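The numbering of the first sequence is my numbering, which starts it at 1128 and goes up by one. Right, one structure below, let's go through it.
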Amino acid sequence: MPELPEVETTRRGISPHVSGRRITSVTVREPRLRWTVPEDFARQVAGTRITSVERRAKYLLLRGGAGTLMLHLGMSGSLRVVPSGTPPAAHDHVDFRFDSGRVLRFNDPRRFGSMHWLTVDPESHPLLAPLGPEPLSADFDGGYLYRASRGHRVAVKVFVMNARVVVGVGNIYASEALHRAGIHPRRPARRIALARYEALAAAIREVLLAAIAAGGTTLRDFTDSDGRPGYFRQHLTVYGRAGEPCGGCGTPLGHEVIGQRATYFCRHCQR
DNA sequence: CTTTACGCCTGACGGC
DNA sequence: TGCCGTCAGGCGTAAA
């Protein structure tokens, strides 16, 4: 399940292979993704030279001269760089062939991913325009979270997972960051003081940066066939560990559904 | 406006 | 062993 760290790792992994290269052809084997890929998608994208690979939230932006290729990995999507001629496997839905002879291959079993061809400024696209700041940017800090949370009575975990508040904080890292910051996931967002939001903003940054570092080591070679089972797990202190002792106090970790999502926390350390 | 529920999909898993 | 029901999970969208 690609969270921000995996998307960022993917960005870093594919960038050297596609930056400066021209897309010579596009093959769409399965257009039924999150939004159906239009008939003329392949024709529009073909011929573009990619100048840079950027990321906004969990969207990858492959910028080219004539437009921008915007990709989302959903929850089961992945991108891989393979040699030309590599036979497609199951769920290999789209190929972008480059003038280097390599192929950028999009695989997505659950098809929650998406791809768009944008000829306008990506930031003005309806999917990107409403998004909050990047958690690793200077715009994001405790003061921002504090101000944004005033008047919001939703649980703080729901609040920080809202992409209009801050992007890229997925379900796993929300639990992890709240535990690190000592904040109970059910606490109403408006009932948390500035100092605690500063701790939370720092925790979100730290957890994401640590995960990016871990993803970087695990997903170094994108031409490899799969082989990355549970690379997150070893770094997780609460997620998926219901019943195990809290690393801080030893109290068995709890598991509840908050906002329709599995949530893990310590009822003793987190208030 | 804020908040909540739903649905898209498939693989994994548990029960029988 | 095999079949089947259940559920996770990002996130846009409809509904409340």
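In this text, a Cβ means the ideal position worked out from N, Cα and C, and glycines have one as well. Remember, it's a predicted structure, so these values are computed and weren't measured experimentally.
- Taking C-alpha positions only, Thr1175 is separated from Glu1303 by approximately 40 Å.
- In terms of Cβ geometry, Ala1290 and Leu1258 form a close pair [threshold 9 Å].
- With respect to the C-alpha of Val1134, the residue from Thr1390, Thr1213, Gly1297 and Ala1275 having the closest C-alpha is Gly1297.
- Looking from the CA of Arg1207, the closest CA among Phe1286, Gly1140 and Leu1321 belongs to Gly1140.
- Straight-line spacing of the CA atoms in Glu1250 and Val1287 works out to 21 Å.
- Residue pairing by DSSP puts Met1197 in a beta bridge opposite Leu1188 and His1243.
- Annotation for Tyr1273: Leu1321 and Tyr1324 place their beta carbon closer than 7 Å to its own, counting only its chain and skipping 5 residues before and after.
- Per DSSP, the beta bridge partners of Phe1223 are Val1153 and Leu1231.
- The alpha-carbon of Pro1132 is positioned some 12 Å away from that of Glu1261.
- Sequence-distant partners of Gly1386 (beyond 5 residues in either direction) whose C-beta falls short of 6 Å from its own C-beta, in its chain, are Val1285.
- Setting aside the 5 residues that flank it on each side, Ala1275 is surrounded in the same chain by Val1292, each with a C-beta closer than 6 Å to its C-beta; the list follows chain order.
- According to the DSSP assignment, Thr1136 belongs to no beta strand (DSSP E) but to the alpha helix (DSSP H) extending over Leu1131 to Val1145.
- Under the DSSP assignment, Glu1325 falls in the alpha helix (DSSP H) whose first and last residues are Leu1321 to Thr1345.
- With a contact defined as Cβ atoms closer than 8 Å, Ile1299 and Glu1130 qualify at about 6 Å.
- Where His1362 is concerned, there is no enclosing alpha helix (DSSP H), because DSSP gives it neither an H nor an E.
- DSSP lists Glu1383 as the beta-bridge partner residues of Thr1390.
- Straight through space, the alpha carbons of Ala1217 and Ala1340 are spaced by roughly 30 Å.
- Taking all protein chains shown into account, Gln1361 has fewer than 16 neighbouring C-beta atoms within 10 Å of its C-beta and is therefore exposed.
- Under DSSP, Glu1181 shares a beta bridge with Leu1188.
- DSSP lists Arg1149 as the bridge partner or partners of Arg1176.
- Its Cα nearest to that of Gly1212, the residue Val1230 stands out among Asp1219, Val1230, Leu1200 and His1220.
- The residue from Arg1149, Asp1226, Thr1137 and Ile1319 with its alpha-carbon nearest to that of Ala1184 is Thr1137.
- Within the same chain, His1306, Val1365, Cys1373, Gly1375, Cys1376, Thr1378, Leu1380 and Gly1381 come within 8 Å of Cys1393 by CB-CB distance, once the 5 residues on both sides are set aside.
- Approximately 19 Å separates the beta-carbon atoms of Ala1330 and Val1281; this is outside 8 Å, ruling out the contact.
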